[in-house]
Amino acid sequence: MHPFAYVAPSTVEEAVAVLDEHGDRARPLAGGTDLLVKARANVWELDAVVDVKNIPELMNLEVGKNGLSIGAGVPCYQVYENDQVADEYPGIIDGTSIIGGIQIQSRAGLGGNLCNAAPSGDGIPALIAHSAVARIAGPNGTREVAVEEFCTGPSRTVIEPGELLVSIEVPKPAANSGAAYTRFIPRNEMDIAVAGVGVYVVLDNSGNNFESARIALASVGPIPILANEAGDSLSGKPVNDETIAAAAKLARNAASPITDMRGTIEQRKHLIEVLTDRMIKQAVERAKG
Amino acid sequence: MTTSSPSKVHVTTTINGQEHELLVPPYMSLLDTLRELIGLTGTKEGCLDGNCGACTVSVNGRIVDSCLVLGPEVDGKTVDTVEGMATTDGLHPLQQAFLEEAALQCGICTPGFLVAAKGLLDNEPSPSEGRIRHWLAGNLCRCTGYDKIVRAVQKASS
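Protein chains in written order, with my numbering: chain V, 1 to 289; chain U, 290 to 447.
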């Protein structure tokens, strides 16, 4: 591992200044569960690591009347142990509670999951389904990027050298809405998704019709995929097996997986169809609950 | 590019109830800090990438993989390792149960399992078998097949 300096600033401005000074030879440290693995494997050669856990904005977790704000350094366990988050954002809990094991969840968080930009990141699809936005600070101020546009390739994001993910902002769920995420893995836990699906649905007041839906897919492309056609196909349609099956088929078509050690193209496409069907139904159930 | 070694970080931390003041290289893991700077070699190095849990320690009451924590990060924090489990009165109930249930063979994974299991029982004194298995999913054992470990944790739970 290349010897790097350790700095732990207490403001976003100081963190950005250090990141800006070192360019791509500095990285923010939140949970470290990806960063230290990559630094040790010399995937990244770093001169400085910027521990963000002393910056209040990055450690803030808040359920407000306009939505949920998740600081980029907040570890998974704080998200899934928060009753308000569990109550209003169960789909986000679904993903957050299956990232790694208990030790990893003490440190890793949704901010890091997003910045690591693995197509399989279990935290990302539910955020996309919820229309979450990433708030990014940089030397020239703050900007916002929709989560579905945040990842640009495996391990690549819109974050420029000198920039820092500050928080993820999730809008308040609509009335009669529900969300869910699941993945397929051949083990019980501690594994990487062969395929994953996150769904957010809004029903009308009767609960018999979809008003809108957003469906996001993991591990079936170079980045997490927002399956627009699949989600849009449900708008205005009745809630029944046929409309849900049709949307699941469209989600399958939106998947462009590769064959690797975890699964084949055909298996992954099949999984997306099955999991989308199940997650729409689960999201509907939660919307009615 | 920096060619000289970055300066060491002054760290004050409480390990197994005892305060330590250390100068830690900024890139040194908590695992190496414990083993090499303090001489607490009970915590084991396994995979070095967060899969095996052999290096599990508790930081401020939460279990973590110490290979994925930097030494400087525990400044002002409380660290508990396997060395802190037994007292002058004897072994911790989990350690005793591991012995009685033969829950170890080669022993490399054992300190991690003990610290992880303690992290569970400290907060949930009577977990179900399913809960124990889920909690310990981040700890790998290549000898026992897990059944004896789970039985030992059940025995130590109230």
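Don't be surprised by glycine CBs; every beta carbon is placed ideally from N, CA and C.
I think L217(V) touches P90(V), with their Cβ atoms under 8 Å apart; what is that distance to the nearest whole Å?
Here residue 217(V) refers to the residue found at position 217 of the first sequence. Here residue 90(V) refers to the residue found at position 90 of the first sequence. That pair is no contact at about 19 Å.
Would you tell me roughly how many angstroms separate the C-alpha atoms of P198(V) and D277(V), rounded to the nearest one?
Looking up residue 198(V) in the first sequence gives position 198. Looking up residue 277(V) in the first sequence gives position 277. Residue identity check: residue 198(V) is Gly in the sequence provided, not Pro. So the two alpha carbons sit approximately 11 Å from each other.
Cβ of R324(U) less than 7 Å from any chain V Cβ?
For this step, residue 324(U) is matched to residue 35 along the second sequence. With 7 Å as the cut-off, R324(U) does not count as an interface residue toward chain V.
On the three-state DSSP scale, how would you describe Q394(U)?
In the second sequence, the residue the question calls residue 394(U) occupies position 105. If DSSP states are grouped into helix, strand and coil, Q394(U) belongs with coil.
Quick test of the definition: if touching needs 3 or more C-beta pairs under 8 Å, does the region 145-165 of chain V touch the region 109-117 of chain V?
yes
Roughly how many angstroms lie between the CA atoms of D204(V) and G111(V), to the nearest whole one?
Walking along the first sequence from the start, residue 204(V) turns up at place 204. Walking along the first sequence from the start, residue 111(V) turns up at place 111. Going from the Cα of D204(V) to the Cα of G111(V) covers about 32 Å.
Select from the region 422-445 of chain U all residues with a C-beta closer than 7 Å to any C-beta belonging to chain V, and list them in chain order.
H423, W424, A426, G427
Under 8 Å: do the region 412-431 of chain U and the region 333-343 of chain U share three or more Cβ pairs, one atom per stretch?
yes
At a CB distance below 8 Å, what residues from the region 180-196 of chain V approach chain U? Give them in sequence order.
N188, E189, M190
Are there three or more Cβ pairs, one per stretch, closer than 8 Å when the region 356-367 of chain U is compared with the region 19-38 of chain V?
yes
For M290(U), count the other beta carbons within 10 Å of its own beta carbon; 16 or more makes it buried, fewer makes it exposed. Which is it?
If you number the second sequence from 1, residue 290(U) lands on position 1. Because the pLDDT at M290(U) is just 43, under 50, the model does not fix this residue reliably, and the point stays unresolved.
Keeping to the same chain, check which residues put their C-beta closer than 8 Å to that of I223(V); ignore five residues upstream and five downstream.
Walking along the first sequence from the start, residue 223(V) turns up at place 223. Hits under 8 Å: A117, P119, C151, T152, G153, P154.
Between G365(U) and I244(V), what straight-line distance do the alpha-carbon atoms span, to the nearest angstrom?
Reading the second sequence from its first residue, position 76 is the one you call residue 365(U). Reading the first sequence from its first residue, position 244 is the one you call residue 244(V). Each residue's alpha carbon lies about 53 Å from the other.
Quick check: the Cα distance between N140(V) and E13(V), rounded to an integer number of angstroms?
On the first sequence, position 140 is the one that residue 140(V) refers to. On the first sequence, position 13 is the one that residue 13(V) refers to. Rounded to whole angstroms, N140(V) to E13(V) spans 11 Å at the Cα level.
What are the residues of the region 411-422 of chain U that lie near chain V, defined by any Cβ-Cβ distance shorter than 9 Å?
So the close ones are R422.
Residue ranges of each beta strand (DSSP E) run of no fewer than 3 residues wholly in the region 343-427 of chain U, ordered along the chain?
For secondary structure counted as the beta strand (DSSP E) over 3 or more consecutive residues, the region 343-427 of chain U holds these complete runs in sequence order: 345-348, 351-354, 367-369.
Can the beta-carbon of A8(V) be found less than 7 Å from the beta-carbon of N54(V)?
Within the first sequence, residue 8(V) is the residue found at index 8, counting from 1. Within the first sequence, residue 54(V) is the residue found at index 54, counting from 1. Yes, Cβ-Cβ distance for A8(V) and N54(V) is below 7 Å.
Can you say whether H299(U) is buried or exposed, counting buried as having 16 or more other CB atoms within 10 angstroms of its CB?
For the purposes of this step, residue 299(U) is taken as the residue at position 10 of the second sequence. So H299(U) ends up on the exposed side.
How about R183(V) and A174(V): do their beta carbons lie closer than 7 Å?
Taking the first residue of the first sequence as 1, we reach residue 183(V) at position 183. Taking the first residue of the first sequence as 1, we reach residue 174(V) at position 174. Not in contact: R183(V) and A174(V) (Cβ atoms no closer than 7 Å).
Return the bridge partner residues of N66(V) from the DSSP annotation.
Within the first sequence, residue 66(V) is the residue found at index 66, counting from 1. Per DSSP, none; premise fails for N66(V).
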